[in-house]
Amino acid sequence: MFLELKNITKTFGKTVANDNISFGLNKGEILALIGENGAGKSTISKILYGLNKPDSGEIFLDGKKLKIHSVLDAIDHGIGMVQQHFMLFESYTVAENIVYGKEPKKNGFFDRKRAAEIVRELGDEYGLHIDPDLKVEDCSVGMRQRIEILKVLYQNADIIIFDEPTAVLVPQEIEELLKTIKDLAKRGKSIIIITHKLQEVMDVADRTVVLRQGKFVGERLISETDIKELSYLMVGRGIPPREVEKKEPGKLVLDVEDLRYKHEGVSILNGLSINVHEGEIVGIAGVSGNGQTELIQCLTGLLKPDSGKVELCGEDISGKSVREIRDLGCAHIPEDRYEFGCARKADLEETSIMGYEHLPEFSSKGLLNEKHNQEFALNLLDKYSVKYDHMGEPAGALSGGNIQKLIVAREIEHNSKFLIAAEPTRGVDIGAQEFIHDRLMDKRNRGDGVLLISSELSEVMSLSDRIYVIYDGQIRGEFTRAEADTNKVGFLMMGGQNGQD
Ligand SMILES: Nc1ncnc2c1ncn2[C@@H]1O[C@H](COP(=O)(O)OP(=O)(O)OP(=O)(O)O)[C@@H](O)[C@H]1O
Ligand SMILES: [Mg+2]
Numbered sequence: 006m007f008l009e010l011k012n013i014t015k016t017f018g019k020t021v022a023n024d025n026i027s028f029g030l031n032k033g034e035i036l037a038l039i040g041e042n043g044a045g046k047s048t049i050s051k052i053l054y055g056l057n058k059p060d061s062g063e064i065f066l067d068g069k070k071l072k073i074h075s076v077l078d079a080i081d082h083g084i085g086m087v088q089q090h091f092m093l094f095e096s097y098t099v100a101e102n103i104v105y106g107k108e109p110k111k112n113g114f115f116d117r118k119r120a121a122e123i124v125r126e127l128g129d130e131y132g133l134h135i136d137p138d139l140k141v142e143d144c145s146v147g148m149r150q151r152i153e154i155l156k157v158l159y160q161n162a163d164i165i166i167f168d169e170p171t172a173v174l175v176p177q178e179i180e181e182l183l184k185t186i187k188d189l190a191k192r193g194k195s196i197i198i199i200t201h202k203l204q205e206v207m208d209v210a211d212r213t214v215v216l217r218q219g220k221f222v223g224e225r226l227i228s229e230t231d232i233k234e235l236s237y238l239m240v241g242r243g244i245p246p247r248e249v250e251k252k253e254p255g256k257l258v259l260d261v262e263d264l265r266y267k268h269e270g271v272s273i274l275n276g277l278s279i280n281v282h283e284g285e286i287v288g289i290a291g292v293s294g295n296g297q298t299e300l301i302q303c304l305t306g307l308l309k310p311d312s313g314k315v316e317l318c319g320e321d322i323s324g325k326s327v328r329e330i331r332d333l334g335c336a337h338i339p340e341d342r343y344e345f346g347c348a349r350k351a352d353l354e355e356t357s358i359m360g361y362e363h364l365p366e367f368s369s370k371g372l373l374n375e376k377h378n379q380e381f382a383l384n385l386l387d388k389y390s391v392k393y394d395h396m397g398e399p400a401g402a403l404s405g406g407n408i409q410k411l412i413v414a415r416e417i418e419h420n421s422k423f424l425i426a427a428e429p430t431r432g433v434d435i436g437a438q439e440f441i442h443d444r445l446m447d448k449r450n451r452g453d454g455v456l457l458i459s460s461e462l463s464e465v466m467s468l469s470d471r472i473y474v475i476y477d478g479q480i481r482g483e484f485t486r487a488e489a490d491t492n493k494v495g496f497l498m499m500g501g502q503n504g505q506d
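Residue numbers are given in my numbering: position 26 of the sequence shown equals residue 31, and the series is strictly consecutive.
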């Protein structure tokens, strides 16, 4: 083995995040690290990268014992990490970010020309092209990730860790990234990739290590396993296919007609019309960046459309504030959990009622009903199996998938006629995905309307009673559950026109 982790243990308070974990990584190998939310995947990666200090255990590289006390130590040993939340300087250029910490110098000064050359050379070598003079603030998510990868390559890493790199990418970007990862391995880099998407594991990895509740529970060569076995190893049970209870839709809860919105002269929403009834899950299928984000913002009061009608439960909501719209009966699972869903420093009780704290249930005369709210929070955490240490813990300390589960719990369980669920299972493990899907179904079966926006076509297909396909800020097609098929929907998602195929 090229890299070996031996008996790694790491605790946070009462939580044993890594419990005596051992595994190895071969040279040029792609190893997928999988497991449920809170299983300890990010923790062990951060130990390798010098961000977490283990309580005990040893790490060997080429047979030699390593001392990793900091990120600089890790980089020195050739270990690099592309973290899920990118660590770039927004106002610096691409080149400045990539060479940061190890700048090329000329006569003692930063050599800008050489830095740009370096970026071009690396780009040519690895097929990762990007304009070195762009400012990071003008880069898309996919480009930012490419910058992080180039940075790791510039630091000469032999081992590269990717923590859920595909969670934030659109399908084309995912395909490109997986190709890049395979390419890096062919050139002798050793890769650890964390992902909840088992198809990606099958497509890209050579071997997989499965963690459960901080423990190593098994490893498999990809050539000798399948998705079914892996999901069994991960959650300790099989995931049965969904059965959908028939339901007649009721009254309109959301009615959107001819919605238009322009940003800096560019049309984003081009006369979009959709509706959602009581007792119905309506899915929006589409490649991210086709107006989904702006549509959600227009529905929730974060953005004012230029024209068009938006009615919620029969009431016109144009000009209403975010809170007024919420109070009219619109709950919202936001696509970016850290930007809109929670505050990293707020504790779990605060996070459980955030956005609803002014309601009589949670406060009276400006004072929070502490006892009730604590019970309420406990119930949510328990029902959705959120893994946490204690109630006073900040939301930011929860693992990525667990904070997502808490936000989803708060919004689904809130008594509202309408729910916007944007990427509701982003970053959650397959067991929790199934659980969240069941709860969305319950909400529908109670007679509420759900608008589901997801870049996972399989999620939209399996849950929706009706599907709209969005492309270029317009609805390009509409299907009932019975009519929808992956090929037809996929064709329209890529900009194909009905009657053209
Ligand atoms: N800085 C921290 N402080 C307190 N607890 C932590 C901290 N980091 C991780 N934990 C806890 O350690 C456990 C493992 O977390 P980790 O982030 O490694 O999970 P994960 O496998 O990456 O999960 P996910 O798939 O949800 O990202 C969780 O219970 C988490 O709450
Ligand atoms: Mg994680």
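No residue lacks a Cβ here, since even glycine has one placed at the ideal position from N, Cα and C.
Note that the coordinates shown come from a computational prediction; the quantities given were computed from them, not determined experimentally.
- Annotation for residue 102: 93, 94, 141, 152 and 156 place their beta carbon closer than 7 Å to its own, counting only its chain and skipping 5 residues before and after.
- Leaving aside the five residues that flank residue 121 on each side, the residues in its chain whose CB is nearer than 6 Å to its CB run, in chain order, 100 and 137.
- The beta carbon of residue 244 lies closer than 7 Å to those of 236, 435 and 439 in the same chain, with the five residues before and after it left out.
- Here residue 298 carries a helix assignment [DSSP, helix/strand/coil].
- The beta carbon of residue 225 lies closer than 8 Å to those of 212, 213, 215, 234, 235 and 238 in the same chain, with the five residues before and after it left out.
- Residue 456 and residue 481 do not touch by the CB rule: their CB atoms are close to 17 Å apart, not below 8 Å.
- Between residue 282 and residue 304, the C-beta gap is not smaller than 8 Å, which leaves the two residues out of contact.
- Under the DSSP definition of a beta bridge, residue 471 partners with 287 and 485.
- Excluding five sequence positions before and after residue 499, none of the CB atoms of its chain fall closer than 7 Å to its own CB.
- Not one heavy atom of ligand 1 lies closer than 7 Å to the C-beta of residue 25.
- Where residue 316 is concerned, the enclosing beta strand (DSSP E) starts and stops at 312 to 317.
- In this structure, the C-beta of residue 436 stays at least 7 Å away from each heavy atom of ligand 2.
- Per the C-alpha coordinates, the member of 74, 9, 228 and 302 positioned closest to residue 55 is 74.
- Two segments are said to touch when three or more pairs of C-beta atoms, one from each, lie closer than 8 Å; by this definition the stretch 53 to 73 touches the stretch 7 to 22.
- For the alpha helix (DSSP H) assignment, the uninterrupted runs of no fewer than 4 residues enclosed by the stretch 22 to 77 are, from N- to C-terminal side, 46 to 53.
- By the neighbour-count criterion, in which 16 or more other beta carbons inside 10 Å mark a residue as buried, residue 254 falls on the buried side.
- In the same chain as residue 28, and ignoring 5 residues on each side of it, the C-beta atoms closer than 7 Å to its own belong to 10, 214, 221 and 224, in chain order.
- Look at the stretch 69 to 143 and you find these whole runs of beta strand (DSSP E), each 3 residues long or longer: 84 to 87.
- About 6 Å separates the CB atoms of residue 163 and residue 194; that is less than 8 Å, so the two are in contact.
- Contact holds between the stretch 388 to 395 and the stretch 403 to 416, because three or more Cβ pairs, one in each stretch, are under 8 Å apart.
- Closer than 7 Å to some heavy atom of ligand 2: that describes the Cβ of residue 46.
- Within 7 Å of the C-beta of residue 394 there is at least one heavy atom belonging to ligand 1.
- Closest in alpha carbon position to residue 475, among 328, 285, 408 and 278, is 278.
- The secondary-structure analysis by DSSP pairs residue 272 across a beta bridge with 267.
- DSSP lists 352 as the beta-bridge partner residues of residue 399.
- The distance from the Cβ of residue 197 to that of residue 47 is about 11 Å, inconsistent with a contact at the 8 Å cut-off.
- Under the three-pair Cβ rule at 8 Å, the stretch 410 to 420 counts as touching the stretch 347 to 366.
- Boundaries of the beta strand (DSSP E) harbouring residue 222: 220 to 226, taken from the DSSP string.
- Note on geometry: alpha-carbon atoms of residue 205 and residue 17 lie some 30 Å from one another.
- Per the C-alpha coordinates, the member of 6, 66, 487 and 495 positioned closest to residue 251 is 487.
- Each residue's CA atom was taken as its position, placing residue 314 and residue 149 some 36 Å apart.
- DSSP places residue 441 in the uninterrupted alpha helix (DSSP H) bounded by 435 to 450.
- Across the set 37, 41 and 31, the C-alpha of 41 shows the shortest separation from the C-alpha of residue 22.
- Residue 335 has 423 as its beta-bridge partners, per DSSP.
- Contact between residue 420 and residue 43 fails: their C-beta atoms lie close to 28 Å from each other, not under 8 Å.
- A contact between stretches requires three or more CB pairs, one per stretch, nearer than 8 Å, and the stretch 258 to 278 meets this requirement with the stretch 291 to 302.
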